[in-house]
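**Student:**
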Amino acid sequence: MLYITGLFDTGSPVFKQERVGKNQRPFTLYKFRTMDVKAKSVATHLADGSQIPKFGAFLRKSKLD
């Protein structure tokens, strides 16, 4: 359900990100997108509020992201 709703809101509801895990081994983390696809890659607290769509704000408030 979240995926389908995200398709309408951002067009690309899931993104992947490389992270460093246990024993410094890299792994790929998949997350729901809470910011606009064209938003610059900055810390969340530095992001412009207009870059966060309504569905993204819902995901953040509900801790589903």
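Numbering (this note's numbering) for the sequence shown: 46 to 110. Even for Gly, the Cβ is constructed at its ideal location relative to N, Cα and C. Here the structure is a predicted model, which means the values were calculated and not measured.
What are the partner residues of Gln96, as DSSP defines its beta bridges?
**Tutor:** Mapped onto the sequence shown, residue 96 falls at position 51. DSSP lists no partner for Gln96.
**Student:** In three-state terms, what does DSSP make of Lys106?
**Tutor:** Indexing the sequence shown from 1 puts residue 106 at position 61. In this structure, Lys106 counts as helix in the three-state DSSP scheme.
**Student:** Suppose you measure from the CA of Val59 to the CA of Asn68; what does that come to, to the nearest Å?
**Tutor:** Within the sequence shown, residue 59 is the residue found at index 14, counting from 1. Within the sequence shown, residue 68 is the residue found at index 23, counting from 1. When rounded, the distance between both Cα atoms is 27 angstroms.
**Student:** I'd like to know if Thr73 contacts chain D, where contact means its C-beta is closer than 8 angstroms to some C-beta of that chain.
**Tutor:** Any reference to chain D falls outside this structure, which holds one protein chain only.
**Student:** In its own chain, which residues sit with a C-beta less than 7 angstroms from the C-beta of Arg105, not counting the 5 before and 5 after it?
**Tutor:** For the purposes of this step, residue 105 is taken as residue 60 along the sequence shown, with counting starting at 1. For Arg105, where only same-chain residues beyond five positions count, the Cβ hits under 7 angstroms are Thr79.
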